[in-house]
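Visitor:
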Amino acid sequence: MSNNTSTERGWLIPTSGDPDYDEALDRLLSQWMRNVSGLSAGMVRPRWQKEQPPLLPAETNWCAFGVIGWSGDDSPAFTRQTDDGSQLWRHETIECMASFYGPAGMVYASRFRDGISVPQNNAALNALGLSLGDYTGLTPFPELINQQWVRRYDMTVRLRRKVVREYGIKSLVEAPVIFFGD
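Heads up: the sequence shown at position 67 corresponds to 66 in numbering that gives the first Met the number 0, and the numbers run straight through without jumps.
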């Protein structure tokens, strides 16, 4: 078993914490979408949940979102080498689909689309460790739910973030060298 440093053979795992993924990332995205769109608390829901809540009535304005893509750059950088370790920096792109439902779905979808372009809103997003990459236009996609047509407007947003992980890769302090020959 390795001591989780490069002083011994074996696998290395990060010595630092992880960024938000899974449900923690869903909470961040929900907070962001709710605040920028102006939807009420509880009206921005993760699309895929362990226990699916009941569908909202057709006259309710709400949003469902979900991470549909997630990629990292192909060449992470190792930086900040110290005696104790090194940092790996990688940039991730998180692709998120948002569907706005309800009689005012187009209002909330367009408010969200425009709001994500406001510098102050992007600064608040930056405080969460994310930044706006780009986004698609709005696509009308009416949906038949419980024998009733419900207005639905979809858009995809790509967010970026820098992931920093620390590894116990020690710096080379000394190397015993023996010279041979004349």
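Using N, Cα and C, we set each Cβ at its ideal position, and we do this for glycine too. Given the structure is predicted, the values throughout are model-derived calculations rather than measurements.
Assuming PRO13 and GLU165 form a contact by the criterion Cβ under 8 Å, report the distance between their Cβ atoms to the nearest whole angstrom.
Guide: Translated into the one-based positions of the sequence shown, residue 13 becomes position 14. Translated into the one-based positions of the sequence shown, residue 165 becomes position 166. Rounded, the Cβ-Cβ distance is 6 Å, consistent with contact.
Visitor: Quick one: Cα of GLY101 to Cα of THR59, how far?
Guide: In the sequence shown, counting from the first residue as 1, residue 101 sits at position 102. In the sequence shown, counting from the first residue as 1, residue 59 sits at position 60. C-alpha separation (whole angstroms): 5 Å.
Visitor: Ignore the nearest five residues each way along the sequence and tell me which others in LEU124's own chain have a CB closer than 7 Å to its CB.
Guide: Taking the sequence shown and counting its residues from 1, one reaches residue 124 at position 125. The answer, listed in chain order, is TRP31, SER130, LEU131.
Visitor: Could you pull the start and end residues of the beta strand (DSSP E) that ARG164 belongs to?
Guide: Here residue 164 refers to the residue found at position 165 when the sequence shown is read from its first residue. For ARG164, the enclosing beta strand (DSSP E) starts and ends at 151 to 166.
Visitor: By the 10 Å Cβ neighbour count, where 16 or more other Cβ atoms means buried, how is ARG160 classified, buried or exposed?
Guide: Locating residue 160 in the sequence shown gives position 161, counting from the first residue. It is buried - the Cβ of ARG160 has at least 16 other Cβ atoms within 10 Å.
Visitor: Between which two residues does the alpha helix (DSSP H) carrying SER29 extend?
Guide: Along the sequence shown, one-based indexing puts residue 29 at 30. First-last of the alpha helix (DSSP H) with SER29: 21 to 36.
Visitor: Within 10 angstroms of its Cβ, does ASP183 collect 16 or more other Cβ (buried), or is it exposed?
Guide: Residue 183 falls outside the range modelled here, since the chain spans only 0 to 181, and no answer is possible.
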